[in-house]
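Number of protein chains: 2
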Amino acid sequence: MTNPAWDVLVATCPSRTSLAKIANKWTAMIVIALNDGPLRFGALRETVDGISGKVLTETLRDLERDGILTRTMYNEMPPRVEYELTALGQTLQGPLAALGRWAEEHIELVLRAREDYDQRPDRS
Amino acid sequence: MTNPAWDVLVATCPSRTSLAKIANKWTAMIVIALNDGPLRFGALRETVDGISGKVLTETLRDLERDGILTRTMYNEMPPRVEYELTALGQTLQGPLAALGRWAEEHIELVLRAREDYDQRPDRS
DNA sequence: CCGGATCCGATTCGATACTG
DNA sequence: CAGTATCGAATCGGATCCGG
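Protein chains in written order, with the numbering used here: chain A, 808 to 931; chain B, 808 to 931.
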């Protein structure tokens, strides 16, 4: 099923274009946020704290194009649009959630490493 | 050990700065490339196909600062510099390798999803 | 010749203002 | 409410140059 010739380390390999999109902080946070079920555009913007509307729109479109999530628009007033992970997107949830957890669980060690690094006298 | 208040979805949380660095294609590829042991700068540049010297240098410095890898310089001629994952970096190897594998294993589905999306008539 | 610093164009980012 | 448009600012990234 999987072509063993695919290798993200090869510049021209299509799998790298996919890695480039999923190895992105906004993608990670959006997929993490959608773990508990579909969310509206506004709810996503609140949950993924600090994201701008423009970047949220762009990232959501890219993810929809790649089959990671679906966009469902309801013809209501006021308009309502919901985003939800596809089956494919749910297979991505694990790896990205693991990344998020790693960041939360190891931030203390990272902060300590930064202090050590910044206080090194040898900045030759 | 882990502060439950840390949440990568909160803009001001330090863990997000860490997530922003590890959720990056170059970081992912470098950590993946270092899985089999230390590599020299030049070997890394070949292995992570397509990366420029500048970006490689910057990313390696960031990762060194965060305690993900070590940089060892040998006073030889010609110069030799080796990069190697730390114990902390090895805990990151799993999650990032999983991301790379996801990209390779699901690229076919992603490519098909892109075709479908691009052929949709309703681009209202 | 290797590691990496510099320069500078290209891309991305994000705040604001506006539309259906 | 859910976007789109526009436009500086910031970041990324590649070609090129430099020190040992």
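Think of the CB as a built atom: it goes at the ideal place given N, C-alpha and C, for glycine as much as any other residue.
(message) For the ligand MG, I want to know if residue 881 of chain B counts as a neighbour, meaning its beta carbon is within less than 6 Å of at least one of the ligand's heavy atoms.
(response) In terms of ligand content, the structure shown is empty, and the ligand MG therefore cannot be addressed.
(request) Name, please, each residue of chain A whose Cβ falls closer than 7 Å to the Cβ of residue 835 of chain B. (result) Within chain A, the residues near residue 835 of chain B are 826 and 830.
(request) Answer yes if the segment 870-886 of chain A comes into contact with the segment 911-925 of chain B, meaning at least three C-beta pairs across the two stretches below 8 Å, and no otherwise. (result) Pairwise C-beta distances place the segment 911-925 of chain B in contact with the segment 870-886 of chain A, as three or more of them are shorter than 8 Å.
(message) Does chain A have any CB closer than 7 Å to the CB of residue 816 of chain B?
(response) Chain A has a Cβ within less than 7 Å of the Cβ of residue 816 of chain B.
(request) Name, in chain order, the residues that DSSP records as bridge partners for residue 880 of chain B. (result) Answer is B/888, bridged to residue 880 of chain B.
(message) I need the boundaries of the alpha helix (DSSP H) containing residue 872 of chain B, first residue and last residue.
(response) Annotation for residue 872 of chain B: the continuous alpha helix (DSSP H) segment containing it runs 860-872.
(request) Please say whether residue 907 of chain B and residue 815 of chain A have beta carbons closer to each other than 7 Å? (result) Their beta carbons are under 7 Å apart, which means residue 815 of chain A touches residue 907 of chain B by this criterion.
(message) Once DSSP output is grouped into helix, strand and coil, what is the label at residue 919 of chain B?
(response) It is helical.
(message) Against chain A, does residue 890 of chain B count as a neighbour if the rule is that its beta carbon must be under 7 Å from one of theirs?
(response) False, the Cβ-Cβ gap to chain A never drops below 7 Å.
(message) Against chain B, does residue 852 of chain A count as a neighbour if the rule is that its beta carbon must be under 7 Å from one of theirs?
(response) No - not a single Cβ of chain B is within 7 Å of the one on residue 852 of chain A.
(message) Between the alpha carbons of residue 914 of chain B and residue 884 of chain B, how many angstroms are there, rounded?
(response) The alpha-carbon atoms of residue 914 of chain B and residue 884 of chain B are separated by roughly 43 Å.
(message) For a cutoff of 7 Å on Cβ pairs, would you count residue 930 of chain A as touching chain B?
(response) Because residue 930 of chain A carries a pLDDT of 48, less than 50, the predicted location of this residue cannot be relied on, and no value is offered for it.
(request) Taking residue 750 of chain B and residue 853 of chain A to be in contact with their CB atoms under 8 Å, please state how far apart those CB atoms are, rounded to whole angstroms. (result) Because chain B in this structure spans residues 808 to 931, residue 750 of chain B falls outside the shown range and cannot be described.
(message) Taking only three categories from DSSP, how would you classify residue 847 of chain B?
(response) Assigned with DSSP and collapsed to three states, residue 847 of chain B falls in strand.
(request) Just the chain A side, please: which residues come within less than 9 Å of residue 847 of chain B by C-beta, in chain order? (result) The contacting residues do not exist; residue 847 of chain B stays about 16 Å from chain A at best.
(message) List, in chain order, every chain A residue whose beta-carbon is nearer than 7 Å to that of residue 856 of chain B.
(response) At a beta-carbon threshold of 7 Å, the residues of chain A lying near residue 856 of chain B are 816, 817 and 818, ordered along the chain.
(request) Quick one: using the 10 Å Cβ neighbour count with 16 as the cut-off for buried, is residue 943 of chain B buried or exposed? (result) Here chain B has residues from 808 to 931 only, and residue 943 of chain B is not among them.
(request) Identify the continuous alpha helix (DSSP H) that holds residue 855 of chain A and give its terminal residues. (result) Note, residue 855 of chain A: premise wrong, no alpha helix (DSSP H); not H, not E.
(message) Using only the alpha-carbon positions, how far apart do residue 888 of chain B and residue 858 of chain B sit?
(response) For residue 888 of chain B and residue 858 of chain B, the distance between alpha carbons rounds to 17 Å.
(message) List, in chain order, every chain B residue whose beta-carbon is nearer than 7 Å to that of residue 917 of chain A.
(response) Using a Cβ-Cβ cut-off of 7 Å, residue 917 of chain A is close to 825, 873 and 874 of chain B, given in chain order.
(request) Give a yes or no on whether the minimum CB-CB distance between residue 881 of chain B and chain A is below 7 Å. (result) It does not: the Cβ of residue 881 of chain B has no partner Cβ on chain A nearer than 7 Å.
(message) Suppose you measure from the CA of residue 830 of chain A to the CA of residue 882 of chain A; what does that come to, to the nearest Å?
(response) Going from the Cα of residue 830 of chain A to the Cα of residue 882 of chain A covers about 34 Å.
(request) Using only alpha-carbon positions, find the residue among A/832, A/828 and A/860 that is nearest to residue 848 of chain A. (result) Nearest to residue 848 of chain A by C-alpha distance, out of A/832, A/828 and A/860, is A/860.
(request) Mind checking who residue 831 of chain A pairs with in its DSSP beta bridge? (result) Beta-bridge pairing links residue 831 of chain A to B/831.
(request) Output, in sequence order along the chain, the residues in the segment 902-916 of chain A whose CB is closer than 7 Å to any CB in chain B. (result) Those would be 902, 905, 906, 907, 909, 910, 911, 912, 913, 914 and 916, in chain order.
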